[in-house]
Structures are given as C-alpha cells and as structure tokens.
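Counting from 38, one number per residue, gives the positions in the sequence shown under the working numbering. Yeah, the Cβ is synthetic: ideal placement off N, Cα and C, and Gly gets one too.
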Amino acid sequence: MHNNILYQMIFKRKSFHLFRCETFPISKQEIDDIYNFYNSLTPLMENIKTEINIIESHTSGCKVGNEYTIMFYSETKDNYLTNIGYLGEMLDLYLVSKNIGTLWYGLGRTGEKKLNDLDFVIMMGISKVSDDSFRKNIFNANRKPLEQIWTGEYLPISNVVRFAPSACNNQPWTVENIDNCLNVYRNHKGRVFGILPPKFSFFFTRIDMGIFLAFIEVCLIHEKISFEKEIFVDEEVVDRALLAKYYLK
Numbered sequence: 038m039h040n041n042i043l044y045q046m047i048f049k050r051k052s053f054h055l056f057r058c059e060t061f062p063i064s065k066q067e068i069d070d071i072y073n074f075y076n077s078l079t080p081l082m083e084n085i086k087t088e089i090n091i092i093e094s095h096t097s098g099c100k101v102g103n104e105y106t107i108m109f110y111s112e113t114k115d116n117y118l119t120n121i122g123y124l125g126e127m128l129d130l131y132l133v134s135k136n137i138g139t140l141w142y143g144l145g146r147t148g149e150k151k152l153n154d155l156d157f158v159i160m161m162g163i164s165k166v167s168d169d170s171f172r173k174n175i176f177n178a179n180r181k182p183l184e185q186i187w188t189g190e191y192l193p194i195s196n197v198v199r200f201a202p203s204a205c206n207n208q209p210w211t212v213e214n215i216d217n218c219l220n221v222y223r224n225h226k227g228r229v230f231g232i233l234p235p236k237f238s239f240f241f242t243r244i245d246m247g248i249f250l251a252f253i254e255v256c257l258i259h260e261k262i263s264f265e266k267e268i269f270v271d272e273e274v275v276d277r278a279l280l281a282k283y284y285l286k
C-alpha cells in the first residue's frame, strides 16, 4: 500500500472503545488481505519474528462489539514490544483504509499464549464500519500540546505525529530536534494509567513508543524527508530513555 494512503488514515482513524455504530461483515478475502499486508511489512527490529492470528471475537478476550480479534505474537527479544507497536500501528492504518475500525486492547486475556513458538503480546479488536463512523476532525482529539512533546525546530510532521494513539491516552513520548536529528524519548516518570495497574505501565509504554515511531516514519516519508534511523535497546525501567535517533537528510 502506498505510504500516502497510510498518511491520510492518520487523520481518519480513531479508537473504537465500543462498536456502538452499525457494523458490516468482514469478508474472507478481506481477512486474507489483512494477513498479506501484515506479512509484507518491514519490522522495526528485523531480527524479531512475529505473527498474527485473526479469530472470532467470542473466542478471544476482546469483546467490545467487534467481529474479529487480531492476536499479535512475537519472539521475546530486546525491543519486541516496541516492534509489535510499530507493526501493529502500520496494520491499524491499513485497516482504516478499508473502513475497518480498530481498538488496541491491552487487557485482553487468552488461552492461546503460543503460536508457532511465539509468545502472545497484545490483541486488537476489529469490525467493519461505515466511513462516517471514523474521526471527522483529528484536531478535536485530546492530545498534549505540541510544545509539551517537541523541543527544537518544528517540522511539517510535528503537529501530526502527536496524534498517535496510546494506552489510556498516556502519550509517553518526547522529541528533541537537534541539528536535524530527531531524538525520540520514552518517558516513564509520572505515567498515570487510569484503570490499569501501575505494574503494566512499563509494558504498555514500550508498545506505545512503537506506535509513535510508525507515525514518525509515515509522516517523514509523506513529507519526502529522507532519513536514517538508529534504534536503542529499551528494556530498563528508567524515568527517561532514548529510544531512537532519526538522522534527517
């Protein structure tokens, strides 16, 4: 799928915490297309094997009116959570382009904890909905102001990437633009996760950071800003961790 389509879906997507709207059946061909798109993605961490499994919602731990649930599985290696967030968000934007609504569902439990020797990580509820069920104006979404997440010179991407979804809308990211290099940080201190127990915060913030990196890359490519990236291991509970550097050309 062309990156420009994924970029446009940033402005359309929303999290369907409950599918109260009218829904429509997802066809077998659409299910096959979801698998094919996921398998075509380049992971953030190319040394980590992942797979998805799409199951009917009543057999999963995600029951929010969704028809199906996408189960994400991965090798457990350094940055595996960030990698799943990255891949899952690319898939999320693809699904929106097909009028399939989504919900990252972090609290879902499953008895299917293994798939081809890969470990279960997280699930995503999906249902097909009408086009008018999606977001009308992204700038009405509740997000931190740009000056709270970005320091240094603003870029055309700056005011778009801040709309990345996150667990409990926690938005654990900050970016420093220094000499045309984007330093991307995960912030752990003071994270408030509402209904989620504090012990889950480190787990979910790393998935959130992968989602944010997906937004950064889709936006950079859309703006025709070439880059090289460097990803750092993020496996320690610290208040602030440098996750990535994007060297802009």
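Reduced DSSP secondary structure (H/G/I, E/B, other) of residue i
i                 : result
lysine 65         : helix
valine 216        : Residue identity check: residue 216 is aspartate in the sequence provided, not valine. Residue state, collapsed to three classes: coil.
serine 203        : coil
aspartate 156     : strand
leucine 130       : helix
threonine 96      : helix
glutamate 267     : strand
tyrosine 191      : coil
glycine 148       : coil
serine 52         : strand
phenylalanine 239 : helix
isoleucine 163    : strand
isoleucine 85     : coil
phenylalanine 171 : coil
methionine 46     : helix
isoleucine 262    : coil
methionine 108    : strand
alanine 251       : helix
Beta-carbon proximity of residue i to residue j, cut-off 8 angstroms
i                 : j              : result
cysteine 58       : serine 134     : no
leucine 43        : valine 255     : yes
alanine 204       : methionine 127 : no
serine 164        : glycine 98     : no
lysine 282        : asparagine 220 : yes
methionine 108    : glutamate 67   : no
methionine 161    : threonine 139  : yes
glutamate 104     : isoleucine 63  : yes
isoleucine 258    : leucine 285    : no
valine 197        : isoleucine 85  : no
leucine 81        : tyrosine 110   : no
leucine 294       : tyrosine 222   : With the chain represented from 38 up to 286, any question about residue 294 goes unanswered, as that position is not in the structure.
phenylalanine 200 : isoleucine 175 : yes
arginine 172      : lysine 49      : yes
leucine 181       : glutamine 208  : A small correction: the amino acid at residue 181 is lysine; leucine does not occupy that position in the sequence shown. Against a cut-off of 8 angstroms, the Cβ pair of glutamine 208 and lysine 181 comes out as a contact.
Closest residue to residue i among the options (Cα-Cα distance)
i                 : options                           : result
phenylalanine 241 : Leu285, Thr60, Asn217 and Asn224  : Asn224
isoleucine 92     : Ile215, Pro80, Gly98 and Thr106   : Thr106
tryptophan 141    : Asp156, Leu285, Ile248 and Leu280 : Ile248
asparagine 179    : Gly189, Ile159, Ser167 and Pro202 : Pro202
tryptophan 156    : Thr188, Tyr191, Lys114 and Leu257 : The amino acid at residue 156 is misidentified as tryptophan; the sequence shows aspartate. Nearest C-alpha to aspartate 156: Lys114.
asparagine 41     : Phe237, His54 and Glu260          : Glu260
phenylalanine 239 : Arg277, Phe264 and Glu265         : Arg277
leucine 144       : Lys151, Lys181 and His54          : His54
lysine 100        : Phe56, Glu272 and Gly189          : Phe56
Beta-carbon separation (whole angstroms), residue i vs residue j, contact threshold 8 angstroms
i              : j                : result
threonine 253  : isoleucine 194   : The sequence shown places isoleucine at residue 253, rather than the threonine named in the question. So it is a contact: roughly 7 angstroms between Cβ atoms.
methionine 38  : phenylalanine 61 : About 21 angstroms separates the two Cβ atoms, so there is no contact after all.
isoleucine 186 : tryptophan 210   : 6 angstroms
glutamate 88   : asparagine 153   : 6 angstroms
Proximity test, residue i beta-carbon vs the ligand MG heavy atom, cut-off 7 angstroms
i           : result
alanine 201 : The ligand MG is not part of this structure, which contains no ligands at all.
Counting Cβ pairs closer than 8 angstroms, one from the region 112-120 and one from the region 130-147, do we hit at least three? no
Inspect the CB distances between the region 76-94 and the region 203-216 and report whether three or more fall short of 8 angstroms. no
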